[in-house]
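Numbering (this note's numbering), first residue to last: 147 to 519.
Right, one structure below, let's go through it.
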């Protein structure tokens, strides 16, 4: 996860930091020569003159004035100006970036982010934050790389700042049972396998579940869910292919109620948001099943496509959470950074591999660490 993105960001930051510091050394040399050419004696004379004036003022102050006022007045007069050595030290130890230097740097970083499937909204956020931290701000030399890394870390932390959802806890806290969850997504996203992983997790936490095969269109979809049901020792509610998916969903919910089960997990047909008939069918399933939670399952490796899919599904049915699959083979990782920031919906789990235990709770700290920040 993030293999490509981590390395590319690291290289870009290191290259820019080195270039900035090298250019800064040349500027320091030029500015130092200018500073050293200033009339040192004149500046010293001015400072001596000011001291004499302060003493004169102090002497002329009448006895009626309070000592505190005298002290205050003298301190105001004696406040030192920046001398040649102070100016020189500041030029040597710090560096300021102008707008053009920042734009040159960020144009490279922007291309890297786009190539690694980071959404434009996220790129704009990163740019805005970096600019505030870098432009026209005194930056300590030899620390520019660290400053950029810290800024990126803080921004990514903010981008991923959504409420974590503990689905198991959420289900257990609900008094009315069964807790109904409907799953949506496009074909090939690993939706059915992910539902089985969730069923396994719920079962391990002492929750009684039933699987519902409301995908009555895809060939072998029912058999696939039944195979998972056998392995997990779970009942699968089904009808024949071509049946009304909403009717199957209704049967599943009623079965859950009758058998006092904790959770009903409803699989639906994979569909594109552009297929109006299937999207209408999805709305019907929602009306009939009245789910407590709606989850969009998308493939992480599809990048910006999965972000757009999630956005469109949310517009139609109002999803509550996201699960991204195949994160173990997603070397770019842009979808993980983008999907929640763009849609405002939290990532509940990250899926990897085919085993039932290959389902991880979303961990922001681990994501930031994997990015090398």
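Each residue gets a CB set at the ideal place from its N, CA and C atoms; glycine is no exception.
Just so you know, these numbers come straight off a predicted model, no measurement behind them.
Other residues of its chain near residue i: CB distance less than 6 Å, five sequence neighbours each side excluded
i	result
residue 438	325 and 326
residue 152	517 and 518
residue 485	453, 456 and 468
residue 166	290
residue 252	273
residue 498	473, 474 and 504
residue 480	262, 263, 264 and 449
Neighbourhood of residue i by C-beta, 7 Å cutoff - its chain only, sequence neighbours within 5 removed
i	result
residue 380	345, 355, 356 and 357
residue 414	328, 329, 330, 360, 361, 391, 428 and 431
residue 245	281
residue 268	305, 483, 484 and 487
Residue range of the unbroken alpha helix (DSSP H) whose run includes residue i
i	result
residue 400	391-404
residue 508	Counting along the chain, residue 508 falls outside any alpha helix (DSSP H), and DSSP gives it neither H nor E.
residue 295	290-305
residue 281	Unbroken run through residue 281: none, as it is neither H nor E.
residue 338	337-350
residue 264	Residue 264 -> no alpha helix (DSSP H), and no H or E assigned at all.
residue 453	450-463
residue 436	Counting along the chain, residue 436 falls outside any alpha helix (DSSP H), and DSSP gives it neither H nor E.
residue 501	No alpha helix (DSSP H) contains residue 501, which DSSP labels as neither H nor E.
residue 313	313-319
Three-state secondary structure (DSSP) of residue i
i	result
residue 328	strand
residue 375	helix
residue 493	strand
residue 357	strand
residue 483	helix
residue 272	helix
residue 380	coil
residue 362	coil
residue 243	strand
Residue i to residue j span [Cα, whole Å]
i	j	result
residue 173	residue 277	Caution is warranted here: a pLDDT of 48 is assigned to residue 173, below 50, making its placement in the model unreliable, and no coordinate value can be reported.
residue 225	residue 290	The pLDDT assigned to residue 225 is 48, lower than 50, so where the model puts this residue is not dependable; a value taken from the coordinates is nonetheless given after this. Whole-angstrom Cα-Cα distance: 32 Å.
residue 375	residue 502	12 Å
residue 318	residue 351	10 Å
residue 343	residue 292	40 Å
residue 410	residue 448	29 Å
residue 160	residue 288	11 Å
residue 394	residue 309	32 Å
residue 256	residue 301	15 Å
residue 389	residue 363	8 Å
residue 464	residue 248	39 Å
Element boundaries [beta strand (DSSP E), containing residue i]
i	result
residue 443	439-445
residue 412	409-414
residue 475	That residue, residue 475, is in no beta strand (DSSP E); it is neither H nor E in DSSP.
Classification of residue i by the beta-carbon crowding that lies within 10 angstroms, buried from 16 upward
i	result
residue 334	exposed
residue 445	buried
residue 404	exposed
residue 455	buried
residue 500	exposed
residue 158	buried
residue 209	At residue 209 the pLDDT is 49, less than 50, meaning the model places this residue with poor confidence and gives no usable figure here.
residue 417	buried
residue 241	buried
residue 265	buried
residue 283	exposed
residue 460	buried
residue 496	buried
residue 490	exposed
Below-8 Å beta-carbon distance, residue i vs any chain C residue
i	result
residue 157	As a matter of chain content, chain C is missing from the structure shown, which is built from one protein chain.
Distance cut-off 7 Å: residue i Cβ against heavy atoms of the ligand COA
i	result
residue 349	Although the ligand COA was asked about, the structure shown includes no ligands whatsoever.
Proximal residues to residue i (C-beta, below 8 Å), its chain only, five neighbours per side dropped
i	result
residue 349	355, 378 and 380
residue 367	338, 359, 361, 413 and 415
residue 154	258, 261 and 262
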